[in-house]
Amino acid sequence: MNTRMIRYLLSIILLIEAALLLPPLLVAWIYGESIAPFLLTIGILLLISVPPVLFKPYNTRIYAKDGFVCVASAWLLMSLFGALPFVFSGAIPNFISAFFETASGLTTTGASILTEIESLPRGILFWRSFTHWIGGMGVLVFMLAILPLAGGQTMHLMRAEVPGPTKGKLVPKMKDSAMILYGIYIALTLILAVILLICGQPLYHALVNAFATAGTGGFSVLNNSIAGYNSPIVEWVIAVFMLLFGINFNLYYFMLIGHFKEIRKNEELRVFLSIVFLSTFAISVNTIKLYNNLGDCIRTAFFQVTTIISTAGFATTDFDLWPSFSKTLLVFLMLIGSCAGSTAGGLKLSRVMLIFKSTIREIRHLLRPRSVNIVRMDGVPVQDDIVRSAVGYLALYVMMLICTVFLISFDGYSFETNFTAAIACLNNIGPGLKEVGPTGNFAGYSLLSQFLLALSMILGRLEIIPMLVLLSPDTWKKMFGQKESAKIRRLQRIRRFASSDSPKKRIHK
């Protein structure tokens, strides 16, 4: 394991986080608020990160395990240091709760422990929403886009951070792929912000809502979320863009270069859009009696379907009051999530499709043992190791979900609350049902449960494996063993030199 390169990359990540604190600092200064929380945090980040950056390692190779450790450590460190402005400003005095809020922002979960939002400083609320935009595409992808690091080995960083069962390059160079992804991400965010401005929102609100929508996070600056604007056109705009940000970003690149055939044959996109519109229709029929007219019913159903399946977490109504069928359907949408390669969370629809097709293959094989059945996506055969990884991830996901529900159950909430809270955090959704529903929050959970749920958010955002590698004793044992081996080799060289009658030794004599 190349520990020096990992330390070097983590220092760069912390420097980037220090730079990302400048926009909320500027907002605080414009509104006449205290900029001390941001200055203190920036100072701490610079003090820690600048010295290691000055000494770039000679060996810059990144191996697969290094990529997992680096990505998991980066997300933990960014969440820990990103919590400092909340603590220094007094908005969230308790560090564990601030860590929960920051992890929720960076992982684009949108779960909150805040019971009152509108009274908080504008700069702090801007940072809170800005963390969604930072975490939406991934800070390491941003680093790869601006810095030529580690040669061809940067693929290990991309694979560890980008969600989905398969990862690949859009173009031969990873740096160019990262730049294309971020270019599309920035363009869509700016288009949304401009449209919200045209819809009558002030610049501040347009920006924070664009950040939260682009990252599919759901943090709002109003206590009533998007419903607080009382604007149907704003709801339609945000709902459509939540849908757009839930689509694989590779398809936007194919659209730009005119490869429309790649878009038409994409199975995941077709299934995703079908689920959205069928779910909207089913919920509209099921909840029509709760609304004054059909237009309000369809708009509310479409908004809630898109906010849940894209894991954005915004709310325009208390869907916890809906009939059981609609709530059950929403929980199903929570589980599957959106497309791979998007800013959304969840299991990812392509992975669910692979598991479903693999199950069908096994059933056919049992019925006809000699038949040859191949799993295909977009008409192309899928390698067996990809199918196995999808099934393996589902097993890990279920284990993590069960463990999380069990551990937070000691706080005394109902099973429905704990189960949906665990799903909401592990799938990076935000709201659940009952006490953690769209009108509730996670403030009632103990500090231990908040810490565990924050770790669940990071687990879900990185799709479990990187965090498991980081927390594995074997990882640290091997790292320690490597250091010990290096010491032993140095001692052996010294002993050989001391016992030999070499020319160098004679010179020293």
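First residue of the sequence shown? That's 1397 in this note's numbering, and the numbers climb one at a time after it. Every residue gets a Cβ at the ideal spot worked out from N, C-alpha and C, and that includes glycine.
Applying the 10 Å Cβ sphere with the 16-neighbour rule, what's the burial state of residue i?
i	result
residue 1717	exposed
residue 1799	exposed
residue 1673	exposed
residue 1693	buried
residue 1880	Its pLDDT being 47, under 50, residue 1880 is placed unreliably in this model, and the coordinates cannot settle the point.
residue 1844	exposed
residue 1479	buried
residue 1815	buried
residue 1654	exposed
residue 1728	exposed
residue 1651	exposed
residue 1827	buried
residue 1770	exposed
residue 1762	exposed
residue 1546	With a pLDDT of 46 at residue 1546, under the threshold of 50, the modelled position of that residue is not reliable, and the figure given next carries that caveat. Looking at its Cβ environment, which holds 16 or more other Cβ atoms inside 10 Å, residue 1546 is buried.
residue 1904	Here residue 1904 scores only 44 on pLDDT, less than 50, and its place in the model should not be relied on; the value that follows carries that caveat. Residue 1904 should be labelled exposed.
residue 1425	exposed
residue 1507	buried
residue 1899	The predicted position of residue 1899 is uncertain, since its pLDDT is 46 and thus under 50; a value taken from the coordinates is nonetheless stated next. Residue 1899 comes out exposed.
residue 1529	buried
residue 1461	buried
residue 1676	buried
residue 1656	exposed
residue 1418	exposed
residue 1901	At residue 1901, the pLDDT of 46 sits below 50, so the modelled position is not reliable; the number obtained from the coordinates is stated separately. When all chains shown are included, residue 1901 counts as exposed.
Nearest to residue i by CA position, among the options, is which residue?
i	options	result
residue 1851	1869, 1493, 1682 and 1624	1493
residue 1766	1757, 1774, 1772 and 1773	1757
residue 1866	1412, 1464 and 1646	1464
residue 1644	1633, 1659 and 1654	1659
residue 1452	1437, 1430, 1406 and 1460	1406
residue 1700	1621, 1763 and 1770	1621
residue 1820	1770, 1646 and 1613	1613
residue 1439	1608, 1410 and 1428	1410
residue 1849	1860, 1759, 1496 and 1466	1496
residue 1739	1505, 1425 and 1489	1505
residue 1574	1515, 1635 and 1737	1737
residue 1414	1429, 1444, 1398 and 1430	1444
residue 1481	1431, 1805, 1635 and 1455	1431
residue 1579	1604, 1714 and 1533	1533
residue 1429	1397, 1735, 1684 and 1515	1515
residue 1499	1868, 1870, 1847 and 1869	1847
Short of 6 Å in beta carbon distance, which residues of its chain neighbour residue i, apart from the five on each side in sequence? Order them along the chain.
i	result
residue 1679	1697 and 1722
residue 1630	1595
residue 1818	1797, 1800 and 1801
residue 1427	1518
Ignore the nearest five residues each way along the sequence and tell me which others in residue i's own chain have a CB closer than 7 Å to its CB.
i	result
residue 1420	1434, 1519, 1522, 1523 and 1526
residue 1855	1796, 1822 and 1863
residue 1599	1593
residue 1807	1841, 1842 and 1845
residue 1448	1403, 1404 and 1407
residue 1824	1503, 1504, 1505, 1707, 1741, 1853, 1856 and 1857
residue 1442	1414
residue 1603	1589
residue 1702	1635, 1638, 1639 and 1672
residue 1601	1617
residue 1775	1661
residue 1423	1518, 1519 and 1522
residue 1691	none
So residue i packs on residue j, CB below 8 Å; how close in whole Å?
i	j	result
residue 1610	residue 1577	Residue 1610 to residue 1577, Cβ: 13 Å. No contact.
residue 1517	residue 1487	7 Å
residue 1503	residue 1853	4 Å
residue 1732	residue 1745	6 Å
residue 1686	residue 1662	That pair is no contact at about 35 Å.
residue 1591	residue 1633	6 Å
residue 1623	residue 1712	4 Å
residue 1501	residue 1615	6 Å
residue 1667	residue 1749	6 Å
residue 1398	residue 1490	Actually they do not touch by this definition, with Cβ atoms about 37 Å apart.
Mind checking if residue i is an interface residue toward chain C, Cβ cutoff 9 Å exclusive?
i	result
residue 1700	The structure shown has no chain C; it contains just one protein chain.
Within its chain, find whatever has a CB closer than 8 Å to the CB of residue i; leave out the 5 residues flanking it on each side and keep chain order.
i	result
residue 1830	1716, 1809, 1810, 1812, 1813, 1816 and 1836
residue 1777	1770 and 1771
residue 1805	1811 and 1814
residue 1906	The structure shown does not extend to residue 1906, since the chain spans only 1397 to 1905, so no value can be given for it.
Using only the heavy atoms of the ligand SAH, determine whether one of them is closer than 8 Å to the beta carbon of residue i.
i	result
residue 1630	Although the ligand SAH was asked about, the structure shown includes no ligands whatsoever.
Using 8 Å as the Cβ pair cut-off and three pairs as the minimum, do the stretch 1471-1480 and the stretch 1783-1802 touch? no
Inspect the CB distances between the stretch 1588-1595 and the stretch 1500-1520 and report whether three or more fall short of 8 Å. no
Segment contact, 8 Å Cβ cut-off, at least three pairs: the stretch 1695-1715 with the stretch 1627-1644: The answer is yes - the stretch 1627-1644 touches the stretch 1695-1715, with three or more Cβ pairs under 8 Å.
Okay, do the stretch 1830-1840 and the stretch 1720-1737 touch, 3+ Cβ pairs below 8 Å being the bar? no
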